[in-house]
Structure formats: structure tokens, C-alpha cells
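What follows is a single structure, written as C-alpha cells, with notes after it.
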Amino acid sequence: MKRNIKINKGLDIHLKGSAFNLHHKVAPSLNYTVYPTDYPGLIPEVVVKDGDKIQAGTTLLYDKNAPSLKVVSPVSGTVLLVDRCEQRVLKDILIEADGKESFIDFGKKDVNELSGKTIKTTLAAAGILALFRQRPYDRIVNPEETPRDIFVSGFYSAPLHPDFDYVLKGQETDFQTGLDALAKLTDGKVYLGVRSQQQTDNIQNAEVMEFEGPHPAGNVGVQINHICPVNKGEVVWTVRPEDVLVIGRFFNKGSVDMTRLVALCGSEVNQSALGYYTLRLGQTVEPIVENSVTQNIPLRFISGNPLTGKRISASGSLRVGDPQITVIPEGDECFDFLGWARLVPAKVVDARVKGSRRAMILSEEWDKVFPMDILPDFLIRAIVANDVKKMEELGIYEVAPEDFALCEFVDTSKMELQQIVRQGLDTLYKEMI
Amino acid sequence: MKKFIRNQLDNLKPTFEPGGKLAMFYSVFEGMDSFLFVSNETGSETGTHIHASNDLKRAITLVIIALIPCVLFGMYNVGYHHFIAIGESAGFISSFFYGLLAVLPMLVVSYGVGLGIEFALAQWKGYKIQEGFWVSGMLIPMILPVETPLWMIGVATAFSVLICKAVFFRTGFNIWTPALITCAFLFFVYPSNAGGPLSYWDMFWGLIPGSVGETSKLCILIGAIILLATGIASWRTMVSVFAGGLLTAWIFNWINASPAMQISPLQHILLGGFAFGAVFMATDPVTSPRTRNGKYVFGFLTGLSAIVIRVLTGYPESMMFAILLMNLFTPLIDYCVVQTNVQQRLKRIKK
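Structure follows, in C-alpha cells:
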């Protein structure tokens, strides 16, 4: 039985340049970068060195706290450089693909015959478990734990979001296999959040929840809060829908296949180039954006959506958890003369902050776009004040930085709320262990 | 022209930056720069890449726009009553100009003193200059009678800026509405007189003696509509102030133990600074509660205490004290609302 949940608060930001439902084919790039910072909470111990020959699925690094949790290579080729910052902190690993597509064979498996424990260990060894996130703390999961429930948001709602139905087309079997595998990892349920128009009749082994309403309805945190909130002491896992496909392919094909259909969107992308591209995790986006964006003005390339994505360079790579590449004007050449006095603000959407940072002054701005039974004002205050007890009381266990993205967008005081929440979660995690 | 100003600012910038000759005046420079040009600063690597165009300057400008009808009408009203008092009849234009000349010095003094202190403090403490006083400077002359001597306005403004801003550092940290502190300070040296009996419509249109900006309820209504339409002020606070006031007045009517208790509810909300306070002062986001339910409580109690003070003390401008009093309870109200949220979460664990 489907349950229908209506989200009232929120904001749909309509930007120019949504991706059309077209699959463009572009000669793939051979350059890949793997960033350990894409796995929040992971302390990397690298096992490869410069010049090593690797295959898709070869372990690159593992987590020092949980050595069974691996991050693997998305492609076969050579390790070009294990790049470290000062004090030898790992920055990234550069890989050059050889185009041979050789992979480590983990063997096809029937999920229904495997135990939860085996599924978990194989996923961890294949570097797929590292793509999961847990609430509280919005960090990588602990392979020793069994989550209360697992949540998957089966649609996107952020600005310029891709259409997951389009991405899913032709991969329904893999998606179902992925859900079957997830169902074995928890004693509770697997919840799949969908829009009412999505076709879900054949979905098994998951509780389907329909969500109506504006962004952030597609944020898994909002869905958890409405379905079954996380209390102190409980742990739930969240998996992105594109990673459910990776799990499915892993069991159906026996190989780690991090390929995904990624939307290229944004106001500065040429009309003819708006659409979907096949990319692997970590693959550089250069061939895709090279000739398809506005020239001569400074641009901002974002891996992900304009609210929560990461800024990348024009030759940057696709990061973990991002189903889209967005290109918007940077706007830093623009000084708006008395811009604050204009009654109807300029409609250009660029990366400017558009104001000066101030103390928290106007109230209720955030409440209007924050559809959880949490008081965002007071939670942020507790985090800024480093008051661990207050943070707990006010529900920090349920939130992730992305849940505050809309608040950050509307904020008159221009505070960097996502970063504040990230710091709060990290502080709390350190206090708790 | 714009380019010229921008270039001049860019040329001057190094002088004011650390190490420059005038580095001690950086905050004045920064204030001017950000006043003339919205900064070209772009979002960070991982934060939100797009931002809405509403910054504090825009929000505060909207409040000032909402105040303009009251200011203009106030000027006309001052002139109108002046000519009545001297027994002459004068046209609209001359009345307005007389009022303009009477009110403008008040605005100049309040802005001059207030901004002067703000600039000096920002310089001294190394803060950025902030916009909070833009509204306070406008509100102060509005809630004072036009006969108030200018030096008193100056002293009172200085007092309020020091008490509200300097003690609590800057905009957003104060616990009282700055304009009301000015008014409260002056109250003890300059008590106002209650006028004679007035009709409802006189009180609504506002051609009556009183503080500069408070007389016309029509202009206040226009201001309220602007504030609510732009979402700057909270309708929760506004509506509940009026609800609290009307209900309390009605209860007093019912008790009916003294002549002051016979004033009808409608008359109460049209009288003195009640409406002005409800729309422009009680809704100050810094000094009123930040929680939704807290706003209902705050508003209702403000309306209630305004009427109680007015009826029991006979002082018509009671709104000021009511708001200042409730400002003090704001943290307590918020605390209670936040605790109910916390309790709900705790209850969920126990289940």
C-alpha cells in the first residue's frame, strides 16, 4: 500500500537550462580523479602507488577506522599520481584509463540466496558500501552496524534536477536487484520515496512512499523526517538512487560498474548540448563541456545542483552523489550599482552572494523552506555556540548539510549554513565516540 | 559614471586595507563601498552556489518604503495643525512645506547622531557598518511630538544607540527596539497630553494632533500591507497584537468600573501609537520572538499590556511600554516554545 505524504514548505527555484530527455554521445575522457573528501568521515589509507596498473574494482584506499570499507577504482588503467597536500594528507588520486574496460570479476550472484552479512561484506569489498551514507552525522556507514531502516529517494527535486525516470529507463531489473540487496541489509524496511506519477507497481521489497510538494521533497532527510524520524541512538542508512543501480549491476553482472547517466544543465550550456551524458564516477567532464558552454565570460562549473553541488574546474570530474553537471555564470565581474535599492532585482542567476554577511536578523525566513519539525534558527545557534546538548535536543541527528541548502539560498544574512551544519555534525561525532 | 566611481573606489581600496595609510577607517570605506555597489563576492566551493537577491540592505529599504506614507502624511499633518493653531487657513502645499521644514531637522538630528555613533563604534571595534539604524533613525521622529526640542532628540538617540547597540555590540544583538528606548527616555522629561474626544474617522484619517507619524491609521495600513506583502514583518505578530488589544479592551468594557474602561475596543486601537507600534515596532525581528508560536504569544501579550497600562494609568502612549516590557520576555517566550519542540522529540524516543 502506498502512502502519500504532502510537503507544504519549500521552494522550487526555476532556473534556465533544464536538461532535455536526450542521450548525447561524446567520446569519453580517459582522465579520472578520485577524491577521498567525497566520503565524509573517511580517513584514507592508500594502498596503490604511482604507476600501478589497476582494473575497475581494484582497491585504491580503505578507511583506517573500518578497514573493510574500501574505495575502488571506477576504471581500468594506471595510477598517475597519488596527490598529497602538505603534511601528507591525501588530496586525490589521478588515474589514466587504458580504454580496455577490464574489471575484477566478483562473480554474478543471486541476491535472494545470499545472507545480509555476505551482501554487506561483498559490497564493502567492492567499494560500493562506501557510497552509502548514514544518519545521524551524514557520513560513511559503519560496516559493523545494522541500520534500523534504509531510505532511498527515488526522485530529484533540486533546481535543474534530472529526471530519474529517464535515467532508470532500461535498468529496471538492476534497480530491483539493488533494492532486494538493500532489503537484506536491514532488519527494518527499505523505504523508496517517489513522485506520484512514477511507475512503481512492480517494485518489490521496498515500502513505496509518494511525496508531493516543492523542493526539498526529494531530499532523503526530509523524507526520513516524515516517514520515521531518526532518534538518538538509532542509525539509518541512505542510498542515492543512482547507487542502487550500481548495486544491482554489481550482483547481476559481477563487476563494479560506476557508470551513470548525468544531466548537463544550466543557463550557460548551449541549447543543443542540454541533455544526458554517460559518465563514470570520477571521470573528467572536459569533453562534455568543452564546446558546449558560453565562451568569453567567467563560468562556474558545478558537479551537482546549484544548491548543494561542489565547484569544479572546466576539466574537473564527476563527484560522488551528483546526478548532474550545472554551468552558471560566475558573475564576479559584475558590480551592481546600488543593486540593493532596485525594487525588482535583476533576474540573472549567477554565483554571487548578492549582499554582505550579517548577524542573524530576520526571523522565519528559514522556517518557510524547511519542512521538518525542527527549529532551524535554534539548531544553527546551538551549533555555532558549540552546545552539544542543545544540538542533540533540537534534532541534529536528523539533518544533513543539504537540508539547509534552501535556507542558505534565501538567507538575508548570507550565512554559510551548510558549512555550519557540517562542522556541527563533525563536532558531535567526535564528542560521541 | 558608474565605472568612474567603481574605479575611484578600487584605487582607494589599498589605502584603507591593512597596512594602508587610512587602515583605521576601513569600516567606513567598506560601508560606503557596499552601499554603492553590491559586492561581487561569489559563493564558496561547497556552499550554495546561487543566492537570492535579498540582503539586509534590501530588507531594511523595504521597511523604509513602508514608512514613507506615514512620514509624508506626518509632515502635512504638522503643517495643517500649525496653521489651525495660528488661526490661518493654508493650502495643501504650504501646509506640507511647513511640516517638511519642521520634521526634516528631527530626521537630520536622529540620523546624524545615531549614524555618527554607529560609525565611530564600528571604527573603534573594527566591525562592519551595518544597516540597522536606517530604520531606527526614521522611526524616532515618527513617534515623537513635533514640538520635541532637537537637542532632546539628539541626547535620547545617543542614549538609545549606546544602550541598544553598543552594549550588545551591533545590529541583531540588541534586546530592545532602539527607537522605543529613545521614546521612553524622552517620556520622563517630556510627557505628552491626551487630546479631546475624537471621532473614529478622524482617528483613522489622522488629521489629529499627535506624534508625527502615528496619527494616520490609513498610512499605517498601507505600510502594514507593504511589510506583509514583502514578508519582512510577521503577520502573526501584527494580528495577535490587535487581537490582544481588542479582547482586553472588550473585557475592560465589560468590567466597566471607571471612565477609562468605557473606551471602546475600536477606539483603543485607533488611539495614540497603538497601531503604529503594532505594525512597525512589535514586528522588529531582532527583539521579538523567532518562533512562530512565540510570535502569537508575544503579540497577544503586547496588545494586552498596552491596553492594561493605558486604562489603568491613563497614559495613551502605553504601546511603547508594552513593547519594551514584552521585549524583555522574548527570550523566555522563545525558550518555552523551543522546549515544547524538545519535549516532543524526547517523547518520540520513549515510545
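So the protein sequences, as listed, match chains B and D.
Numbering-wise, our numbering puts 250 at position 266 of the first sequence, and it's gapless, one number per residue.
Numbering-wise, our numbering puts 263 at position 259 of the second sequence, and it's gapless, one number per residue.
Ideal Cβ positions, reconstructed from N, Cα and C, are used throughout, including at glycine.
It should be emphasised that the depicted structure is a prediction, and the values quoted were computed from it without experimental measurement.
Query raised in the report: So, residue 424 of chain B versus residue 272 of chain B, is the Cβ gap smaller than 8 Å?
Result: The question about residue 424 of chain B has no answer, for chain B in this structure spans -15 to 417.
Query raised in the report: What are the uninterrupted segments assigned as alpha helix (DSSP H) that are 4 or more residues long and contained completely in the stretch 56 to 105 of chain B, given in chain order?
Result: none
**Report entry** Bridge partners - residue 249 of chain B, DSSP secondary structure assignment
**Finding:** B:310
**Report entry** Cβ neighbours of residue 92 of chain B in the same chain (closer than 8 Å, five flanking residues each side left out)
**Finding:** 235, 236, 237, 238
Query raised in the report: What number of angstroms, rounded off, separates the C-alpha of residue 199 of chain D from the C-alpha of residue 212 of chain D?
Result: Low per-residue confidence applies at residue 199 of chain D: pLDDT is 49, beneath 50, and the placement is therefore not dependable, though the value from the model is reported in the following sentence. Looking at the two C-alpha atoms, the distance is approximately 9 Å.
Query raised in the report: From residue 295 of chain B to residue 337 of chain B, what does the alpha carbon distance come to, in whole angstroms?
Result: 15 Å
Query raised in the report: In whole angstroms, what separates the C-alpha of residue 89 of chain B from that of residue 266 of chain B?
Result: 21 Å
**Report entry** Any chain B beta carbon closer than 8 Å to residue 122 of chain D
**Finding:** no
Query - Those residues which DSSP pairs with residue 259 of chain B across a bridge - result: B:248
Query raised in the report: Where does residue -2 of chain B fall in DSSP's three states?
Result: coil
Report task. Could you name the residues of the same chain whose beta carbon sits closer than 7 Å to that of residue 159 of chain B, not counting the 5 residues immediately before and after it, in chain order? Result -> 152, 228, 229, 232
Report task. Since I believe residue 197 of chain B is in contact with residue -8 of chain B (beta carbons under 8 Å), could you give me their beta-carbon distance rounded to a whole number of angstroms? Result -> 6 Å
Report task. State the Cα-Cα distance for the pair residue 83 of chain B and residue 54 of chain D, rounded to the nearest angstrom. Result -> 37 Å
Query raised in the report: Where are the beta strand (DSSP E) runs, 3 residues long or more, that stay fully inside the stretch 158 to 206 of chain B, in chain order?
Result: 174 to 178, 191 to 196
Query raised in the report: Would a check of beta-carbon distances place residue 198 of chain B closer than 8 Å to chain D?
Result: no
Report task. Mind checking which residues open and close the beta strand (DSSP E) that includes residue 223 of chain B? Result -> 220 to 223
Query raised in the report: Quick one: Cα of residue 115 of chain D to Cα of residue 45 of chain D, how far?
Result: 29 Å
Query - Closer than 8 Å at the beta carbon, the chain B residues around residue 351 of chain D - result: Under the 8 Å cutoff, chain B gives no residues; its nearest Cβ is about 10 Å from residue 351 of chain D.
Report task. Express the C-alpha separation of residue 66 of chain B and residue 48 of chain B in angstroms, rounding to a whole number. Result -> 17 Å
Query raised in the report: Sorted by chain position, which residues of the same chain lie with C-beta nearer than 7 Å to residue 107 of chain D's C-beta, five sequence neighbours on each side aside?
Result: 78, 79, 82, 145, 150, 216
Report task. May I ask you to report which of helix, strand or coil DSSP gives residue 16 of chain B? Result -> strand
**Report entry** Contacts around residue 224 of chain B, its chain only, beta-carbon distance under 6 Å, and the 5 residues preceding and following it disregarded
**Finding:** 305
Query raised in the report: Can residue 45 of chain B and residue 20 of chain B be called in contact, C-beta distance under 8 Å?
Result: yes
Query raised in the report: When you compare only the Cα positions, how much space is there between residue 37 of chain B and residue 342 of chain D?
Result: 57 Å
Query raised in the report: Along chain D, which residues have their Cβ under 7 Å away from the Cβ of residue 425 of chain B?
Result: Outside the shown range of chain B (-15 to 417) lies residue 425 of chain B, about which nothing can therefore be said.
Query raised in the report: Quick one: Cα of residue 140 of chain D to Cα of residue 161 of chain D, how far?
Result: 9 Å
Requested in this report: Using alpha carbons as the reference points, say which of D:101, D:231, D:251 lies closest to residue 84 of chain D.
Outcome: D:101
Query raised in the report: If you compare alpha carbons, which of B:15, B:24, B:308 is closest to residue 403 of chain B?
Result: B:24
Query raised in the report: the stretch 56 to 70 of chain D: which residues have C-beta closer than 7 Å to a C-beta of chain B, in chain order?
Result: 56, 57, 58, 59, 60, 61, 62, 63, 65
Requested in this report: Inspect the CB distances between the stretch 199 to 211 of chain B and the stretch 135 to 143 of chain B and report whether three or more fall short of 8 Å.
Outcome: yes
Query raised in the report: Is residue 50 of chain D close to chain B, meaning its C-beta is less than 8 Å from at least one C-beta of that chain?
Result: yes
Query raised in the report: Does the Cβ-Cβ distance between residue 265 of chain D and residue 256 of chain D come in under 8 Å?
Result: yes
Query raised in the report: Do the stretch 126 to 139 of chain D and the stretch 24 to 36 of chain D meet, that is, are 3 or more Cβ pairs less than 8 Å apart?
Result: yes
Requested in this report: Check the Cβ of residue 295 of chain D against every Cβ in chain B and list those closer than 9 Å, keeping chain order.
Outcome: 347, 348, 351, 359, 361, 362
Query raised in the report: From B:219, B:68, B:154, B:270, pick the residue whose C-alpha is nearest to that of residue 245 of chain B; which is it?
Result: B:154
Report task. Tell whether a beta-carbon distance below 8 Å holds between residue 57 of chain B and residue 144 of chain B. Result -> no
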